[in-house]
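Encoded as structure tokens, the structure appears first; notes follow it.
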Amino acid sequence: MIVTTDALFCHAYGKYAVGAYNINNLEQTVGLLRGNLGQSKSNDEPVDNSRSAPFILQISRGARGYTDKRFLEAMIRAADTVFPEAVFAVHLDHGTEEACYDCIDSGFYSSVMIDASHEELAENIAITRRVVDRAHAVGIVVEAELGRLGGVEEDVVGTVCLTDPDQAVEFVERTGCDSLAVAIGTSHGAYKFTGKQGLHFDVLEKIQKVLPEGFPMVMHGSSSVPKEWVDRINAAGGAMPSTSGVPEDQYLPAAKLGVCKVNIDTDGRLVWCAIYRESFREKPEDFDPRTPGKVFMPAYADYIVHKNGKLGSAGQLEAARKTLA
Ligand code: G3H
Ligand code: 13P
Ligand code: ZN
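For this note's numbering, add 193 to where a residue sits in the sequence shown, where the first one is 1.
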């Protein structure tokens with residue numbers, strides 16, 4: 194069932210965070226859906242309610258342009274049919290104004306992100322307000338961003354600028370956005386922290402205090418970049434420098450301070466890369482695209498179960514579903 198993110202955030206606020214996972218292809222989609230139902234090896238396994246979770250399936254502009262956005266949309270519609278127990282929002286990640294309108298008009302997305310965070314405050318507010326008006330007119334919710342993350346984000350290479358709590362109040366009031374992506378020390382991609390850096394919980398706490406009660410915040414750049422997967426990639430011929438991401442034990446403290454959505458893309462790519470490399474290394478004579486895919490889908494499902502455990506969303510599906518009725 195495809196739902197809007199605000200329905201999910203209402204249930205999650207202050208207790209757990211909903212995982213927002215990027216997809217680009219069929220194998221990622223199947224692994225993601227299975228994992229959020231607590232399944233692993235087959236689509237026909239019974240749903241495991243102790244592990245099942247509501248989630249957000251998110252699509253970047255890069256993913257939409259990779260082949261043709263209609264393939265992704267068709268795949269997600271199919272996933273909704275193949276996995277009727279799943280509850281998820283379909284969300285545009287880091288949209289431009291134009292991409293947001295395209296998704297709003299498609300009648301398919303339940304949520305869009307307008308990312309005008311690289312603009313000056315007044316312009317960010319103006320653009321976001323236009324998108325909010327158009328989205329709300331057709332029942333779609335809007336995530337907006339204030340502050341700047343570091344790292345690579347679509348085609349923009351960012352310089353860090355943490356979210357200013359006072360600006361956040363003005364921004365939310367004037368734009369009417371439904372959730373706010375905040376910059377609190379994370380960055381996109383695999384190379385986040387080199388040493389002592391970490392999340393700025395003090396800034397998050399200040400923002401939570403000044404925003405309207407229960408207003409959902411979003412944390413981008415939240416992959417944990419597990420050493421285990423980087424090591425597996427490198428052991429199978431990769432060449433990733435040593436790196437680290439957001440410690441997974443920081444997800445729940447952030448959720449308690451109002452972070453309802455945690456964005457994870459890079460970690461999924463690491464799992465994909467390790468397994469495809471290992472598969473072809475182990476069977477150099479093989480050239481069947483299904484060989485690594487058959488290993489990847491259950492492994493990714495298991496990884497999603499693990500991640501949802503850290504986010505606190507594992508086991509919340511049935512309770513969240515009841516609030517949607
Ligand atoms: O924030 C960016 C996301 O990780 C999307 O990355 O544009 O390479 O799909 P992408
Ligand atoms: P990561 O690169 O940390 O996975 O962040 C993904 C993200 O924020 C997508 O919007
Ligand atoms: Zn992001």
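From the three backbone atoms N, C-alpha and C, an ideal C-beta is built for every residue, glycine too.
Using only CA atoms, which one of the options lies nearest to residue i?
{"i": "L510", "options": "S243, Q443, A429, G343", "result": "S243"}
{"i": "G438", "options": "D460, G431, A448, R327", "result": "D460"}
{"i": "K454", "options": "V423, I468, N501", "result": "N501"}
{"i": "D357", "options": "R367, W422, A376", "result": "A376"}
{"i": "A319", "options": "G340, F394, R367, L265", "result": "R367"}
{"i": "K135", "options": "L504, A315, A428, F301", "result": "As shown, the chain starts at 194 and ends at 518. That puts residue 135 outside it, with no answer to give."}
{"i": "R470", "options": "V488, D458, G332", "result": "V488"}
{"i": "G332", "options": "F386, E421, S303", "result": "S303"}
{"i": "S415", "options": "S472, E441, F473, H499", "result": "E441"}
{"i": "L226", "options": "G258, F276, G207", "result": "F276"}
{"i": "I216", "options": "G255, S235, G207, N236", "result": "G255"}
{"i": "P135", "options": "A271, P491, K420", "result": "Residue numbering for the chain in the displayed model covers 194 to 518; residue 135 lies beyond these limits and cannot be assessed."}
{"i": "N317", "options": "L445, D295, D286, E363", "result": "E363"}
{"i": "D273", "options": "T484, F301, K476, T516", "result": "F301"}
{"i": "E386", "options": "R270, S417, Q401", "result": "Note that residue 386 corresponds to Phe in the displayed sequence, not to Glu. Of the candidates R270, S417, Q401, the one whose C-alpha sits nearest the C-alpha of F386 is S417."}
{"i": "R263", "options": "D295, V240, G382", "result": "D295"}
{"i": "A507", "options": "V240, H393, S235, D199", "result": "V240"}
{"i": "E523", "options": "E238, E478, G207", "result": "Given that the chain is displayed from residue 194 to residue 518, the structure contains no residue 523 and the question cannot be resolved."}
{"i": "E312", "options": "I297, S235, H499, E290", "result": "E290"}
{"i": "V305", "options": "C293, F394, A374", "result": "C293"}
{"i": "S235", "options": "R514, H499, A492, I269", "result": "A492"}
{"i": "Y384", "options": "T436, I400, W422", "result": "T436"}
{"i": "I400", "options": "V423, D424, Q443, A374", "result": "A374"}
{"i": "H499", "options": "D199, Q232, I195, M194", "result": "Q232"}
{"i": "P405", "options": "W422, D359, L445", "result": "D359"}
{"i": "I297", "options": "A271, A330, L314", "result": "A330"}
{"i": "M194", "options": "F480, D479, R270", "result": "R270"}
{"i": "V396", "options": "L339, D424, T516", "result": "L339"}
Who does residue i pair with in a DSSP beta bridge?
{"i": "D286", "result": "S253"}
{"i": "M306", "result": "E336"}
{"i": "G343", "result": "S380"}
{"i": "N215", "result": "Q251"}
{"i": "A374", "result": "E338, V411"}
{"i": "C354", "result": "R341"}
{"i": "I318", "result": "None, per the DSSP bridge assignment."}
{"i": "F394", "result": "DSSP lists no partner for F394."}
{"i": "I195", "result": "F281"}
{"i": "S245", "result": "Its beta-bridge partners do not exist; DSSP assigns none."}
{"i": "F386", "result": "S437"}
Please tell me whether residue i and residue j are closer than 8 Å, where the distance is taken between their beta carbons.
{"i": "D495", "j": "G212", "result": "no"}
{"i": "V325", "j": "T197", "result": "no"}
{"i": "A328", "j": "L201", "result": "no"}
{"i": "G451", "j": "M410", "result": "yes"}
{"i": "Q251", "j": "W465", "result": "no"}
{"i": "A447", "j": "A210", "result": "yes"}
{"i": "V403", "j": "A361", "result": "yes"}
{"i": "I249", "j": "H284", "result": "yes"}
{"i": "S299", "j": "G343", "result": "no"}
{"i": "H204", "j": "A512", "result": "yes"}
{"i": "L467", "j": "I426", "result": "The sequence shown places Ala at residue 467, not Leu. In contact: A467 and I426 (Cβ atoms closer than 8 Å)."}
{"i": "T321", "j": "C354", "result": "no"}
{"i": "F408", "j": "V365", "result": "yes"}
{"i": "Y214", "j": "I457", "result": "yes"}
{"i": "P482", "j": "S472", "result": "no"}
If residue i and residue j are in contact, beta carbons under 8 Å, what's the gap, nearest whole angstrom?
{"i": "V280", "j": "P247", "result": "5 Å"}
{"i": "S310", "j": "R341", "result": "6 Å"}
{"i": "E278", "j": "L219", "result": "20 Å between Cβ atoms; not a contact."}
{"i": "R474", "j": "A429", "result": "5 Å"}
{"i": "G391", "j": "G378", "result": "6 Å"}
Which runs of the alpha helix (DSSP H) fall wholly inside the region 453–517 and span at least 4 residues, in chain order?
-> Counting only runs that start and end inside the region 453–517, the alpha helix (DSSP H) elements of at least 4 residues fall at 459–475, 483–504, 510–517.
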